[in-house]
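As C-alpha cells, the structure follows; a few thoughts come after it.
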Amino acid sequence: MKTSPIKTAFAIAMLALATTGTAHAAGCLKGAVVGGVAGHYAGHHAVVGAVGGCVVGHHLAKKHAEEQAAQRRQAEAQPQ
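Residues -25 to -1, 1 to 55 (mature numbering (1 follows the signal peptide of the UniProt record, and there is no 0)) are what the sequence shown spells out, left to right.
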C-alpha cells in the first residue's frame, strides 16, 4: 500500500498538534480554513494549503499569546 507524501505530511502535522495541547487550536483551525481555501483556488491543493495554514496559524497564535503575556508582565511591573 502506497501512501502519498501529502497524506503523510498531514498525519505528521496532526500528530504534532495533538501532542502540543489545545491552547492554540483556534489559530490552527482558522489557519487551516484559510489555507485550505487558498490552496483550493491555487490549483486544487486544499490539503497542502490546510496543513500549511494550520502551521502558520498555530505559530501566529503562539506569538500573539507571548506578546500579550509580555504586556501583562510589563503592566504588573510598573509602579502605580
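A virtual CB, placed ideally from N, CA and C, is assigned to each residue, including glycine.
Any idea if residue i is buried or exposed, counting beta-carbon neighbours within 10 angstroms, 16 or more meaning buried?
i      : result
H33    : buried
A50    : exposed
A(-15) : exposed
G6     : buried
G18    : exposed
A45    : exposed
A52    : exposed
So for residue i, helix, strand or coil by DSSP?
i   : result
G18 : coil
Distance, Cα to Cα, residue i vs residue j?
i   : j   : result
G24 : H39 : 22 Å
V26 : Q43 : 26 Å
Does the ligand PLP have even one heavy atom less than 7 Å from the beta-carbon of residue i?
i   : result
G11 : This structure lacks the ligand PLP, and indeed carries no ligand of any kind.
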